[in-house]
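Trainee: Chains as they are written, first to last, in numbering that gives the first Met the number 0: chain A, 0 to 628; chain B, 0 to 628; chain C, 0 to 327; chain D, 0 to 327.
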Amino acid sequence: MTDDVVRAMIVNDDPGPRTVVRFAGDSGDGIQVLGGEFAKAVALAHHGLVTLPDFPAEIRAPAGSTFGVSAFQIQFGGDGVITPGDEVDVLFAFNPAALKTNLDTLKQGGLIIVDTDAFAARNLKRAGYAANPLEDGSLTGYRLMAIGITHLTAEAVAPTGVGRKQAGRAKNFWSLGLSYWLFGGDRVPTIAWIESKFSSMPDVVASNVAALNAGHAYGETMELDAGDAAHGRDAELHHGVFRTITGTDAMGLGLAAVAALSGLKLTYCSYPITPASALLHFLASLKGRGIVTFQAEDEVAGITAAIGASYAGGLGISASAGPGMALKTEALGLAVAVELPLLVIDVQRAGPSTGMPTKPEQADLNLALFGRHGEAPLPVLAPATPSECFRIVIEAARIAVTYMTPVIVLSDAYIANAAQPWELPDLDTLHSIAPTFRSDPDGFEPFTRDPDTLARPWARPGTPELAHRIGGLERADGSGNISYDPDNHQRMTELRAEKIARVANAGLDHEIGSGATSGDLLVIGWGSTYGAIEDAVSRLRRAGRAVGHLHLRQIWPLPTNLGAILARFGGVAVVEMNQGQLVRLIRSEFLVDARSITQTSGQPFQVGTVETALRGILDGLEEPKSQIG
Amino acid sequence: MTDDVVRAMIVNDDPGPRTVVRFAGDSGDGIQVLGGEFAKAVALAHHGLVTLPDFPAEIRAPAGSTFGVSAFQIQFGGDGVITPGDEVDVLFAFNPAALKTNLDTLKQGGLIIVDTDAFAARNLKRAGYAANPLEDGSLTGYRLMAIGITHLTAEAVAPTGVGRKQAGRAKNFWSLGLSYWLFGGDRVPTIAWIESKFSSMPDVVASNVAALNAGHAYGETMELDAGDAAHGRDAELHHGVFRTITGTDAMGLGLAAVAALSGLKLTYCSYPITPASALLHFLASLKGRGIVTFQAEDEVAGITAAIGASYAGGLGISASAGPGMALKTEALGLAVAVELPLLVIDVQRAGPSTGMPTKPEQADLNLALFGRHGEAPLPVLAPATPSECFRIVIEAARIAVTYMTPVIVLSDAYIANAAQPWELPDLDTLHSIAPTFRSDPDGFEPFTRDPDTLARPWARPGTPELAHRIGGLERADGSGNISYDPDNHQRMTELRAEKIARVANAGLDHEIGSGATSGDLLVIGWGSTYGAIEDAVSRLRRAGRAVGHLHLRQIWPLPTNLGAILARFGGVAVVEMNQGQLVRLIRSEFLVDARSITQTSGQPFQVGTVETALRGILDGLEEPKSQIG
Amino acid sequence: MNRIINLTPKDFETDQEVRWCPGCGDYAILKSMRKVLAEVGRDPDEVVVVSGIGCAARLPYYLETYGFHSIHGRAPSLATGIKLANPELDVWVVGGDGDFLAIGANHLMHILRRNVDVNLVLFNNAVYGLTKGQSSPTSVPGTRSPSTPDGSVDPAVNPAMLALGGNGGFVARTADTLQDHLPEVLLRAHGFNGAAFVEVLQNCIVYNDNAFGDLTSKKNRAENTVIVRHGEPMLFGADNDRGLVYEPVRGEFRVTENAAEASAHDETNWALAAALARLDDPAAPTPLGVFYCAPREDYLSAREARIPYAPLSLGDLNDLLYADSWRA
Amino acid sequence: MNRIINLTPKDFETDQEVRWCPGCGDYAILKSMRKVLAEVGRDPDEVVVVSGIGCAARLPYYLETYGFHSIHGRAPSLATGIKLANPELDVWVVGGDGDFLAIGANHLMHILRRNVDVNLVLFNNAVYGLTKGQSSPTSVPGTRSPSTPDGSVDPAVNPAMLALGGNGGFVARTADTLQDHLPEVLLRAHGFNGAAFVEVLQNCIVYNDNAFGDLTSKKNRAENTVIVRHGEPMLFGADNDRGLVYEPVRGEFRVTENAAEASAHDETNWALAAALARLDDPAAPTPLGVFYCAPREDYLSAREARIPYAPLSLGDLNDLLYADSWRA
Ligand SMILES: Cc1ncc(C[n+]2csc(CCOP(=O)(O)OP(=O)(O)O)c2C)c(N)n1
Ligand SMILES: Cc1ncc(C[n+]2csc(CCOP(=O)(O)OP(=O)(O)O)c2C)c(N)n1
Ligand code: SF4
Ligand code: SF4
Ligand SMILES: [Mg+2]
Ligand SMILES: [Mg+2]
């Protein structure tokens, strides 16, 4: 990071109009399809958006149960939309359980749309309602649109002649049609998608399209209006070519880009685990183009196979989540010791132990930084947003190959699943990754170093006359032979540390901040807290507070001028979804009394939570350094 | 730690006379037996001592090779002996390779005792000597006692009629006899030991005893004199009952004490690894008394079996070194999550990866503190000396059982192998460890907590009406049922952290410091650096510097009044055998500019190294707070 | 201690709602487990059910006994530790094919060879259920799954054969919905004094429906399975009119239409057991039953015989401490 | 690329001093490995030797090829990764009984079932050499060691049997100092297109001397071992005058003094192979040789056939990226 970057800190003054919609229903109701299609339509209408699915933990829970509720939230508006939204403007509740478990997300005065047909005695009981909430007055304070979605759908699809089961399944498309009416949205692309998706089942196509149209017509005929809640459609994204992307897909595409940019055979070796498996699925779907995927027998086999692949001249990659990451620690030490490139991706979830596998947390930072025996330093990067996963893995690969080092990338369950529009990069702007394989036998030794990067040579088996041995026992500087020499061990330990320290010079030239470039409080974040912090800081800026936001993409080594930036602010606060892990690093490195704002509920931060906490710190700061106008 | 402890900081003014002897020879020369017996005799002569074996890395290297040299160092004198000594006063070199690889340990003007018979052409060549160092003048600057030990031994044992092979093996006893003459030492106990050890081989007894006596007689007859180098025998230990003990044995006895004090069935489940295996061997030798030992198929099986044992109402213990510790991280998270007592002992060795398995390092502290996924805090203890291993494991067990938590104990290869006299504890002073097993079914829930310790109840399977389920998925506060509730996860995360924080109140009432109680510089150490730091600080104190030494036995949670103590000193330095791990914690916790003195050579610190580094810091301190007289 | 005399399956229900997918084979296994536990009649407070992670591994939460839902693959080692600390407990270990045969196969093998007295129940659905359908070590090559969209490549592990090769003393196979045979086999496993391994073919209706074909429907069960019992001829078919003839030279079987010709099962014959475990022929039925049962000393008894555990008294400790002491 | 035509064992010596204990059986295995590598004639720069940790695992440092001395137990997975990245390399995996059968048995089993084309050489000395003599998974019960001073309790693993049970396609056994047979078996393993498993009985002179009895001395070798070869009668004894008769029903053998009666070995017969692997009778010789060899497609070829790897061009990347894009 350079000072230019700090100069580039921008003031995000006007967030523009936004709308938050949340669809909630039974696992079997097709909520995720509904949400996904709605998001696509919103995107095609040129709105900025962030979506967040909220799956049940169970694979398939009994219908109508509270733990079987599946939800999908979307905030949309213009460029300024960077979170899925704290409070919901419009809640679709397809059954009592969905209403019960999601009502607290709705803002006061918000709009509830329910399928009245689902509010029958049995479902009410399953959800734990003693009385029908639609009738007992408990929803006063909200606006209610009570619609018999199930029977309206049944009526609409009746002409297509499909059976009752399929008719029931079309409910989500009926609701999608209604949503298009309420919030804007073009049915044509959705119809095209339905046609291609169900091409082998013409009656399904017919019924879904009929439902979609009927829902739209219903809204039109009844002149339904979401009122203020629809203001998001009044804002637009800036011009450009976009696609909507989740963190998982962006990361997968980033790895594909690494393959294309480097020419290396990417060798992705992993063991399934939530929420990392989706990346394996994405890469497997590439069918061997650029990337070989290997489902190993466990996480240790995954990472050691990846190390083997890197030794053989591929680029080994392994991904996991907490429990699996923990199992990789021994082998990570080997990768550090033998100095081979390697990417290890941790899609963090709530811990400790099995914890809450589907919920995000940022509590593996310590593990990434410090979770190896012996002195085994390595770079740690973290994407701030779903789309940023793309360039972060490219940077990680570049560092790994340039410095001959394993690199850890910390994502989380929120980034992996959330989606946002991503302005597609111009491929010409992506720098190639140029691994230099040693071929010259003259003077070759496996542990001599490049004077700049301190990287050792990468000598692929199969290269004539470079046969050599590497291993986990301490290696003699230069020859790599086993050495117990005290001076050698001291030197090698220092060299390994110095090599990683030099990665700070690699220049991750991201814009990494916004808000004030000096002032009362610098808010530091990393990873998926980006949106919540940025929105909170914007609000405080608009309220006249001299607050800056610095979001670290590279956590180790820290940017070289970070100390200088910190010095420009009266105080420092670190916001993270753990009990205070980055803050410890900032405090020890810079001896600043950095304050810690944390949350470990398995939920992403809400903007309001961060804002309130920051206000508290600002109010407590003894001598505000400055006030901005 | 309480303030009383700080008041108890003592000034160690006069170290008294000391001698450092080092025996070095081929692996086959019986050096460790020689050293061990010499140490016993020195102890029986009431001297304080510290010994340090220096094994070759190879199991059995070719005779005469430099990498097959085995050495044993001992420093002896009075109470003040707390390290094996920086510089050697007297070096026994039984062959050229031993001379070659050990000469640099000898101080200028020191005494070399060599077996001239071993300095034949073949051995010289093996050791890489072009010329005979005994003759080429390269040893000027040292005193040389050149003795034909091999043939003198052969002559001495000839009357016993043993063969050449056994005669060759008696060399070490001949040298032991000579050592007794030079430094004092009673042959009677050694003879008794020989007789019992080789009771089934009378000719071996006879030849060894003959050699012992002959060596002694040789010294007497030739009126050999070690001169100043023998001054150690002029000092004595204070009165008391002692035994000489290594860290491994002290730890084993400590665990035996846990068994006796708690009545728990200790279940020690481990996988062999250097230097931790010796503890398994010690415990296995107890033959099932109080402790069951289980050699698992790997480290993961070791720790999970230990967790199972604790669940079943035993006390699970697992020990390993770096690579194996790394493999235990996932399961440690489980133990934190389900809140079961567990001891995990890490006998640290030089890393990363396989590193240098026989060499000490303190670079697993980060792993112990932070090496788990999710927020998984647990207490970390570290013994400062070999004998202290005894009480540290007792404390660790007490904490584990009282707080229902896994506890990590960090030892290292130096502490494990070094020996020192240990004043035996009065058993009556050892407090019993009283596990409270839940038996009352009334109101039982597995995750309700003791209001003081926040410990959950320990309900052994087999207890009537307490059947319950625990697991790694987040547990509902109280019932322990699976819970994805955000508030519950937040609360449980905080409760787990708070429980461990309260261990700071448990009061590890060790004397933990010496030197000044306030002044210019507080030197903080942990683990096996104790002796080197203490001696270095003593020297500085004698040189009039206001320096204190605080040695942490409990690294997490930190003592509650540590901040207050730090505040009394102008500066803080942390000395550790890594690249600065504890110092990071001290800096982040207390925002003091603690300086870091580190070494990662696989060798323990020398007193002189620490002293020099501290002097450097003292000289650099801008405003000395005070000067003491 | 036998406080409860008459147990019923209901006594083993917990207050936790069972959360498998509707139609999952795990329900049937749970039902059988409750039935067997009731029939065994061991005080539920002396029973411990240990599991790793996976759909199958949720089972302990649904059994009113002591239970430990641990981490993926490690249930066998946890169970070994439980037995080491308290050999008296009645320990069951349950898990899926990922749990037992991918990450945990090593621990499985070692608990089998040690012959720790536990009952190991593998829920083999040939898929990773909990993580949403990836292929597993028992998936047949060609299996399409999210991680193998073009079909898996890896040849499968044969669980019963692995257990036999790993020196297991009791190896059996059954299927989820066989509510007569499953409890019968579980009871036999419980009666075995050592590590008893039971593979239960289990249907994952969501991710791998019908993976083992139709073994359990009334209609096809008789033709598609052969239930082997010690000493009895290996017959199958609607009227028990067909049989297996053991062709020992290559450890193979021939289907015969002449029931009288069928070979008798001998569960003490390892070679025959291995042949049954390996039989995988579309033209032959799937063998179920106790393939192998060779009683030998269990691990804890063998340990106790060699190194009997005894508490350590303070006097013993004193002796240990003062063993090599001297007075200065 | 075949730069070197005539290789000799000497070409495979490195500049590193061999550091096993004098008299260790590992020297003999090293010698055979060099001989076989020379005979195979593969360019040493296309050979990779991978190992875990242990005395055995030091081997790569003594072979002038590419080598990776990795971490304990994980050499099979490392080797799998090497083959995934470059299927052309000739990969050997070596390790001890702790490495392969304690911490690493799971990876061993999985590389065998996948049939990754590597040669796995187990140095079985029935002890943990490097860590100074603890009992290992192949130690016979009753073994006294520092960790089992009163004798070990755990029944042993039979490596060849485990490999057979784990769906290994090539399983053989030989012994360290048989400088005729060891290279013969290693050559066969090398010729096998898949994961070839060779158990080498290896003497640890320091910690477990003579663990396998006298198999290799000129005097006793003929009586104490039987070398089986495909299609040949299983004969042994000084004058090949004794033999083994296969009793297939229980997978057992009978020693015969009538050589003509001896059964012929059939390495394609799994049942016979298992019987040989299991034969452990003081009255019978120890079987050595290729017990089982059942060629099948190797893992990398099967993968390549199903999901051929192709580099990803920038054009492909462009297509992937812009697939679902729209212009705002
Ligand atoms: C160390 C670790 N790795 C991976 C996972 C993710 N995971 C949970 S269950 C499972 C496998 C599930 O398959 P199986 O054992 O066959 O059980 P099933 O769900 O099919 O019953 C995996 C890979 C985990 N929880 N922990
Ligand atoms: C993770 C890990 N655990 C344990 C060890 C210690 N260790 C090194 S080698 C070894 C076993 C050696 O036995 P074996 O594999 O049979 O090889 P041998 O020395 O007998 O040839 C062990 C336990 C280690 N290096 N790493
Ligand atoms: S995913 Fe499959 S195994 Fe898991 S509960 Fe559902 S049906 Fe059963
Ligand atoms: S300890 Fe045993 S296996 Fe290891 S080198 Fe020595 S003799 Fe060989
Ligand atoms: Mg499964
Ligand atoms: Mg071995």
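Note that the Cβ used here is the ideal one computed from N, Cα and C, for glycine as well. Please read these numbers as outputs of a predicted model, since none were measured by experiment.
Name the residues in the segment 96 to 110 of chain C whose C-beta lies less than 7 angstroms from a C-beta of chain A; which are they?
Mentor: Correct list: Ala101, Ile102.
Trainee: Between Ala145 of chain A and chain B, is there a C-beta pair that is closer than 8 angstroms?
Mentor: Judged by the 8 angstroms Cβ criterion, Ala145 of chain A is not in contact with chain B.
Trainee: Taking 7 angstroms as the cut-off, is the C-beta of Leu129 of chain D nearer than that to any heavy atom in ligand 7?
Mentor: Looking at this structure, you won't find ligand 7 anywhere; what it does contain is ligand 1, ligand 2, ligand 3, ligand 4, ligand 5 and ligand 6.
Trainee: Between the segment 443 to 451 of chain B and the segment 556 to 575 of chain A, can you find at least three pairs of beta-carbon atoms closer than 8 angstroms?
Mentor: These segments do not touch.
Trainee: Determine the extent of the beta strand (DSSP E) in which His230 of chain A is found, giving its start and end residues.
Mentor: From DSSP, His230 of chain A is part of no beta strand (DSSP E); its letter is neither H nor E.
Trainee: Give the interface partners of Gly710 of chain A over in chain B, defined as CB-CB distance under 9 angstroms, in chain order.
Mentor: Because chain A spans 0 through 628 in this model, residue 710 of chain A falls outside it and cannot be assessed.
Trainee: DSSP state of Ile111 of chain B, grouped into three classes?
Mentor: Three-state result, Ile111 of chain B: strand.
Trainee: Does DSSP classify Asn94 of chain B as helix, strand or coil?
Mentor: Correct three-state label for Asn94 of chain B: coil.
Trainee: Quick one: which residues of the segment 396 to 422 of chain B get their C-beta closer than 8 angstroms to a C-beta of chain A? List them in chain order.
Mentor: So nothing in the stretch comes that close.
Trainee: Using C-beta distances below 6 angstroms, list every residue in its chain close to Ile272 of chain B, excluding the 5 sequence neighbours before and after it, in chain order.
Mentor: Same-chain partners within the cutoff: Ser319, Ala320, Gly323.
Trainee: Nearest-angstrom Cα distance between Leu465 of chain A and Asp14 of chain D?
Mentor: Distance between the alpha carbons of Leu465 of chain A and Asp14 of chain D is about 14 angstroms.
Trainee: Cβ-heavy atom distance between Tyr270 of chain B and ligand 2 below 7 angstroms?
Mentor: At least one heavy atom of ligand 2 is nearer than 7 angstroms to the Cβ of Tyr270 of chain B, so yes.
Trainee: Drop a sphere of 10 angstroms on the beta-carbon of Met160 of chain C, count the other beta-carbons inside from all chains shown, and report buried for 16 or more, exposed for fewer.
Mentor: Buried, by the Cβ-count rule.
Trainee: What do you reckon, are the CB atoms on Asp116 of chain D and Thr462 of chain A nearer than 8 angstroms?
Mentor: No, Cβ-Cβ distance for Asp116 of chain D and Thr462 of chain A is not below 8 angstroms.
Trainee: Tell me, please, whether the segment 414 to 426 of chain B touches the segment 449 to 456 of chain B by the rule of three or more beta-carbon pairs shorter than 8 angstroms.
Mentor: No, because fewer than three Cβ pairs between the segment 414 to 426 of chain B and the segment 449 to 456 of chain B fall closer than 8 angstroms, the two stretches do not touch.
Trainee: CB of Val199 of chain C to nearest heavy atom of ligand 5: below 7 angstroms?
Mentor: False, no ligand heavy atom lies under 7 angstroms from that Cβ.
Trainee: From Cys20 of chain D to Tyr60 of chain D, what does the alpha carbon distance come to, in whole angstroms?
Mentor: For Cys20 of chain D and Tyr60 of chain D, the distance between alpha carbons rounds to 16 angstroms.
Trainee: Between which two residues does the beta strand (DSSP E) carrying Met233 of chain D extend?
Mentor: That residue, Met233 of chain D, is in no beta strand (DSSP E); it is neither H nor E in DSSP.
Trainee: State the beta-bridge partners of Arg172 of chain C as determined by DSSP.
Mentor: Paired residue(s): C:Glu198, C:Gly288.
Trainee: Tell me which residues share the same chain as Thr292 of chain A and place their Cβ nearer than 7 angstroms to its Cβ, disregarding the 5 neighbours each side in the sequence.
Mentor: Closer than 7 angstroms at the Cβ level, and outside the excluded window around Thr292 of chain A, lie Tyr267, Leu279, Leu282, Ala283.
Trainee: Alpha carbon to alpha carbon, how far is Leu43 of chain B from Asp323 of chain C? Give it in angstroms, no decimals.
Mentor: If you take the alpha carbons of Asp323 of chain C and Leu43 of chain B, they lie about 11 angstroms apart.
Trainee: Ordered along the chain, which non-local residues of its own chain (more than five positions away) have a Cβ less than 7 angstroms from that of Thr492 of chain B?
Mentor: Glu374, listed in sequence order.
Trainee: How would you write the range of the alpha helix (DSSP H) that Thr224 of chain D sits in, first residue to last?
Mentor: Element bounds for Thr224 of chain D: not the alpha helix (DSSP H) but the beta strand (DSSP E), 224 to 227.
Trainee: So Pro154 of chain C contacts chain D; which residues on that side make the cut at Cβ distance below 8 angstroms?
Mentor: Those within 8 angstroms of Pro154 of chain C in chain D are Arg112, Arg113, Asn114, Asn166, Arg295.
Trainee: Can you confirm whether Leu138 of chain B, when its beta carbon is compared against all beta carbons of chain A, has any partner nearer than 8 angstroms?
Mentor: Taking Cβ atoms only, chain A never reaches closer than 8 angstroms to Leu138 of chain B, which makes this a no.
Trainee: Determine the chain B residues that contact His180 of chain D at a beta-carbon separation under 9 angstroms, and present them in chain order.
Mentor: Chain B residues near His180 of chain D: none, gap ~27 angstroms exceeds 9 angstroms.
Trainee: What number of angstroms, rounded off, separates the C-alpha of Arg583 of chain B from the C-alpha of Val573 of chain B?
Mentor: Spanning the two alpha carbons is a distance of roughly 9 angstroms.
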